[in-house]
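Enquirer: Take a look at the following structure, please.
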Ligand SMILES: Nc1ncnc2c1ncn2[C@@H]1O[C@H](COP(=O)(O)OP(=O)(O)OP(=O)(O)O)[C@@H](O)[C@H]1O
Ligand SMILES: [Mg+2]
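Protein chains in written order, with the UniProt record's numbering: chain E, 1 to 347; chain H, 1 to 279.
Encoded structure:
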């Protein structure tokens, strides 16, 4: 059992607050992805869990035991570093076997485990090389293999696939997920690649400036963003926003159209819709097409509604010319509402 | 401007650049080698040739002066003393200097900047200023005229270099390597011995050599603090003062050669150190 509980963790570097009061529980064997823009505190949180950084306040529990006073080696974790940290004076074999040798495992067990994880990471032909003789992507796979070889309860990975080409990355993604599920490891996986996050995660924690804004399943994060930041960070292109004015109880007026919306006494809300959740129709939002980008699978049209930019994804057969006027009907169950003051979602 | 003109200019600058490079190399080599070469010639010449002018460019291979030194009483003891003091200096300056360098590169502590400053400041006081009080103190504690006592003084001289060299070596090793070792089951100590030490050993060796040479060449403290157990420098200083010129040359030669041989033998590590420090 390796459930991870992060309780009220805060971290400041001098006057700079890198993490504000993080609370997060990661279930045993869960695959949790930390997703966020560069500098939002992902690595810092991971390093606090690993024991490489001391939190300014708060507690970390793993498997029902408080571990934030333990040294890294006693926490039952393995970590993949953002910059690999492959030992330059050891061969790939000895790098992967380093932790196993520290555990004083017998030689044949070390060899067996090293060869197994090297096979998983497709680096079995590099075992005799030194890290200076490897490419960035190969080094990164050595780092992942070294952590996997430990067969830890908890594995912490800081952008472990960032340096691989698209094809290899896709393959590794699936393989890594499979290996970790099979070995019943609890994983925290840092990335700023949304596609990676969506495809691998059991749950995604979206981080923003030292806070976890939302921790939920990928589809929930995508469909029901808890805050405007999540809506505008996830999805490519992200959600569209338009200002909305009250037009009676539970009715809101958006760009001249009236929609059913939340029943609040706010003077203004933001109407939000994903670009793919709109169809051309007789009745709807009237937009002027500005830029038309055929993307193969579909057509991305950037339009203007009032003075707001608005993106819509249409079928690739649609014929749209810049300057043309479009009437777009949002799919009613996909419309979301945000409070511009708190930036949080309003039901 | 035409392409040809541009090319001519760049060829010209490249040519003069190469000439400047060559000239600098020759000049620097000459700067070091010419005095040593004259030392060699004069050492291997008979007393008459040494005092005459112009000098020959090819040594006569007259071993008279060197034989004189080999037979000179106290000479071998002095050589032995020098080696002992230099080795002690080397060991102590690394044992004290390397941990300080490590602390400077890895820990943040109040007064870190001041500490670095102070280390450098130890070189700001000229030895003659310190030698007499030191001599008095050494006599009081019974450290006077011992190899260990002198090595202590030489260690003080060598430590700033040991600290700064090892500081830059440790800083050149990413902290993540150590952190990775910690997560893989190492303590701070085993991470150091299994990861950091193998990586910096060449550099440590180089800074040890540096300490050795500093001690080997030091004469002032050696002359003031030792009487019976003179080191080679102090011994030669004392005895050459009144000697004829050819013996002075031979003495200088005897002083220079062991240090040269030593540095030559370990040059690989010196280059390794610079390679790491420059990264
Ligand atoms: N040792 C430190 N001293 C001061 N500030 C730090 C330190 N480490 C991190 N920070 C700051 O804390 C913030 C979070 O850093 P962190 O490395 O966790 O970002 P990240 O989310 O991992 O970003 P990236 O995706 O670029 O790796 C950054 O603004 C960074 O500048
Ligand atoms: Mg990071």
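Where a beta carbon is used, it is the ideal one built from N, C-alpha and C, also for glycine.
Since the model is a prediction, treat every value here as computed from it, not as a measurement.
1. Using the rule of at least 16 other Cβ atoms within 10 Å of the residue's Cβ for burial, across every protein chain shown, is residue 229 of chain H buried or exposed?
2. Using a beta-carbon distance cut-off of less than 9 Å, what residues from the segment 95 to 115 of chain H approach chain E?
3. Examine chain E for any beta-carbon lying closer than 8 Å to the beta-carbon of residue 206 of chain H, and answer yes or no.
4. Based on the DSSP secondary-structure assignment, which residues constitute the bridge partners of residue 348 of chain E?
5. Output needed for residue 46 of chain H: all residues of its chain with C-beta closer than 8 Å, excluding positions within five of it in sequence on either side, in chain order.
6. Could you check how far apart the C-beta atoms of residue 166 of chain H and residue 251 of chain H are, in whole angstroms? I think they sit under 8 Å.
7. Quick check: residue 123 of chain H and residue 160 of chain H, are their CB atoms within less than 8 Å of each other?
8. In chain H, which residues lie with their C-beta within 8 Å of the C-beta of residue 83 of chain E?
9. Around the C-beta of residue 294 of chain E, are 16 or more other C-beta atoms found within 10 angstroms, so that it is buried, or is it exposed?
10. Compute the minimum distance between the beta carbon of residue 192 of chain E and the heavy atoms of ligand 1, and state whether it is under 7 Å.
11. Whose CA, out of E:204, E:335, E:82, lies closest to the CA of residue 147 of chain E?
12. Starting from residue 179 of chain H, find everything on chain E with Cβ-Cβ shorter than 9 Å and list it in chain order.
13. Could you confirm whether any beta carbon from chain E is found closer than 8 Å to the beta carbon of residue 166 of chain H?
14. Given 7 Å as the limit, tell me if residue 43 of chain E has its C-beta closer than that to any heavy atom belonging to ligand 2.
15. Going by DSSP, what residues sit across from residue 293 of chain E in a beta bridge?
16. Can you tell me the Cβ-Cβ gap for residue 147 of chain H and residue 85 of chain H, rounded? I've got them flagged as a contact below 8 Å.
17. Considering only the alpha carbon of each residue, which of E:8, E:342, E:38, E:297 lies closest to residue 191 of chain E?
18. Leaving out the 5 sequence neighbours to the left and right, which residues in its chain are closer than 8 Å to residue 135 of chain H when beta-carbon positions are compared?
19. What residues from chain H crowd round residue 99 of chain E, counting only those whose CB sits closer than 7 Å?
20. On the three-state DSSP scale, how would you describe residue 20 of chain E?
21. If you reduce the DSSP assignment to three classes, tell me which class residue 265 of chain E lands in.
22. Which term fits residue 194 of chain H, buried or exposed, when burial requires 16 or more other beta carbons within 10 angstroms of its beta carbon?
23. Is the Cβ-Cβ distance between residue 287 of chain H and residue 63 of chain E less than 8 Å?
24. Is residue 82 of chain E near ligand 2, going by C-beta to nearest heavy atom under 7 Å?
25. Just to check, is the beta-carbon of residue 144 of chain H closer than 7 Å to a non-hydrogen atom of ligand 2?
26. Could you tell me which chain H residues have their CB closer than 8 Å to the CB of residue 89 of chain E, listed as they occur along the chain?
27. How long is the line joining the alpha carbons of residue 56 of chain E and residue 126 of chain H, rounded to whole angstroms?
28. Which residues in the same chain have their Cβ closer than 6 Å to the Cβ of residue 151 of chain H, if we skip the five residues on either side of it in sequence?
29. Taking residue 42 of chain H and residue 34 of chain H to be in contact with their CB atoms under 8 Å, please state how far apart those CB atoms are, rounded to whole angstroms.
30. If distances are taken between C-alpha atoms only, which option among E:299, E:306, E:188 comes closest to residue 288 of chain E?
31. Examine chain H for any beta-carbon lying closer than 8 Å to the beta-carbon of residue 103 of chain E, and answer yes or no.
32. If contact means a Cβ-Cβ distance below 9 Å, which residues of the segment 232 to 249 of chain E contact chain H?
33. Alpha carbon to alpha carbon, how far is residue 262 of chain E from residue 344 of chain E? Give it in angstroms, no decimals.
34. Tell me where the alpha helix (DSSP H) around residue 115 of chain E begins and ends.
35. Checking 8 Å against the spacing of the C-beta atoms, do residue 300 of chain E and residue 311 of chain E come in under that value?
36. In angstroms with no decimal places, state the Cα-to-Cα distance between residue 279 of chain H and residue 203 of chain H.
Expert: So, from the data block:
1. buried
2. Listed by position along the chain: nothing, the set is empty.
3. no
4. As displayed, chain E neither begins before 1 nor continues past 347, which places residue 348 of chain E out of reach and without an answer.
5. 60, 62, 64, 246
6. 34 Å between Cβ atoms; not a contact.
7. yes
8. 174, 176
9. exposed
10. yes
11. E:82
12. 47, 50, 52, 72, 79, 81, 85
13. Not one chain E Cβ lies under 8 Å of residue 166 of chain H.
14. yes
15. Residue 293 of chain E is bridged to E:300.
16. 5 Å
17. Nearest neighbour of residue 191 of chain E by Cα position, chosen from E:8, E:342, E:38, E:297, turns out to be E:38.
18. 144, 224, 225
19. 184, 185
20. strand
21. coil
22. buried
23. The question about residue 287 of chain H has no answer here: the residues shown for chain H are numbered 1 through 279.
24. yes
25. no
26. 195, 198, 199
27. Pairing residue 56 of chain E with residue 126 of chain H, the inter-Cα distance amounts to about 47 Å.
28. 85, 88, 89
29. Residue 42 of chain H to residue 34 of chain H, Cβ: 13 Å. No contact.
30. For residue 288 of chain E, the closest C-alpha among the options E:299, E:306, E:188 is that of E:306.
31. Residue 103 of chain E counts as touching chain H.
32. none
33. 13 Å
34. 107 to 120
35. yes
36. Its pLDDT being 33, under 50, residue 279 of chain H is placed unreliably in this model, and the value from its coordinates should be taken loosely. Each residue's alpha carbon lies about 13 Å from the other.
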